[in-house]
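The block underneath contains the structure these notes are about, expressed in structure tokens.
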Amino acid sequence: DAKTTQPPSMDCAEGRAANLPCNHSTISGNEYVYWYRQIHSQGPQYIIHGLKNNETNEMASLIITEDRKSSTLILPHATLRDTAVYYCIVRSNAGGTSYGKLTFGQGTILTVHP
Amino acid sequence: KAGVTQTPRYLIKTRGQQVTLSCSPISGHRSVSWYQQTPGQGLQFLFEYFSETQRNKGNFPGRFSGRQFSNSRSEMNVSTLELGDSALYLCASRKPGTLQETQYFGPGTRLLVL
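Note that the protein sequences, when read in sequence, are chains F and S.
Heads up, the first sequence is in my numbering, so the first residue is 1386 and it goes up one at a time.
Heads up, the second sequence is in my numbering, so the first residue is -17 and it goes up one at a time.
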């Protein structure tokens, strides 16, 4: 699976949009971009994933660049409860022995302040 | 739909003992993966079980083992506990065979080894 690079920390004001970047310059054609977040000492929570088109759900939007080498997770109206570690993971959905393995990096600590 | 459940949630053991942790996947999910999270190493993949067979294994010593039952519930066992085994143990379930499958995590079991 491709390696990802994320900033170690970011701040955001409550009510504003939080834009979390992720670089995955070695991503290959069959690899999806997944985002999870982990609120302190809880299990990681799935947020969103995509292949090449932009995606939106009730939690967030995912913007993937045309060359697929980077992406941005957007939380449109951040709240204090969005304070968490956000992980960007690239993983193939094409099967094989690594299918069930997610490789987590250090993630981005997002702090939402009043 | 009920999420992934893990028992127990907290556990205290002493060095040299063994421990068994349990994970019940989301209904219909036949794959269970286990992860260890420590402050120093982050989230690391332990192993994955599907159809009662270990399909993938991370880089952990043989003291870490697991199994899966016919109802997809999974257990992991750590024998001869060491202080460094203190961690949050997470399991995640998924439904193999779908193109855009996603892993969903349980709340974790926090193990403290004294």
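Ideal Cβ positions, reconstructed from N, Cα and C, are used throughout, including at glycine.
{"query": "Verify whether the separation of the beta carbon atoms of F42 of chain S and L28 of chain S is less than 7 Å.", "result": "yes"}
{"query": "Y31 of chain S: buried (16+ other C-beta within 10 angstroms of its C-beta) or exposed?", "result": "buried"}
{"query": "Taking only three categories from DSSP, how would you classify L63 of chain S?", "result": "coil"}
{"query": "Can you tell me the Cβ-Cβ gap for I8 of chain S and L94 of chain S, rounded? I've got them flagged as a contact below 8 Å.", "result": "No, I8 of chain S and L94 of chain S are not in contact; Cβ-Cβ is about 28 Å, not under 8 Å."}
{"query": "Tell me, which residues are paired with E30 of chain S by DSSP?", "result": "S:S15 and S:N38"}
{"query": "Can you list, in chain order, the residues of its chain whose CB lies under 7 Å from that of E83 of chain S, leaving out five sequence neighbours each side?", "result": "R76 and K77"}
{"query": "Check whether the stretch 17 to 24 of chain S and the stretch -6 to 4 of chain S touch, using three or more Cβ-Cβ pairs below 8 Å as the test.", "result": "no"}
{"query": "Cβ of Y(-8) of chain S less than 7 Å from any chain F Cβ?", "result": "no"}
{"query": "In chain F, which residues lie less than 8 Å from Q23 of chain S when you measure between Cβ atoms?", "result": "Going along chain F, no residue has its Cβ under 8 Å from Q23 of chain S, so there is no contact; the nearest lies around 10 Å."}
{"query": "For I1436 of chain F, which three-state DSSP category applies?", "result": "The question names Ile, but residue 1436 of chain F is Leu in the sequence shown. Three-state result, L1436 of chain F: coil."}
{"query": "Which residues in the same chain as A1498 of chain F place their Cβ atom closer than 7 Å to its Cβ, once the five residues preceding and following it in sequence are excluded?", "result": "Looking at the sequence provided, one finds His at residue 1498 of chain F rather than Ala. These residues qualify, in order along the chain: D1396, A1398 and E1399."}
{"query": "Please list the terminal residues of the continuous beta strand (DSSP E) segment that includes I1494 of chain F.", "result": "T1493 to H1498"}
{"query": "With distances taken between CB atoms, is the gap from T1496 of chain F to T1468 of chain F smaller than 7 Å?", "result": "yes"}
{"query": "Over the uninterrupted beta strand (DSSP E) stretch that includes K(-5) of chain S, give me the two end residues.", "result": "Y(-8) to K(-5)"}
{"query": "Do the CB positions of G98 of chain S and G1485 of chain F come within less than 7 Å of each other?", "result": "Residue 98 of chain S falls outside the range modelled here, since chain S spans only -17 to 96, and no answer is possible."}
{"query": "Who are the Cβ neighbours of C1407 of chain F in its own chain at under 6 Å, not counting the five residues just before and after it?", "result": "T1389, Q1391, S1456 and C1473"}
{"query": "Which residue comes first and which comes last in the beta strand (DSSP E) that contains G48 of chain S?", "result": "F46 to Q50"}
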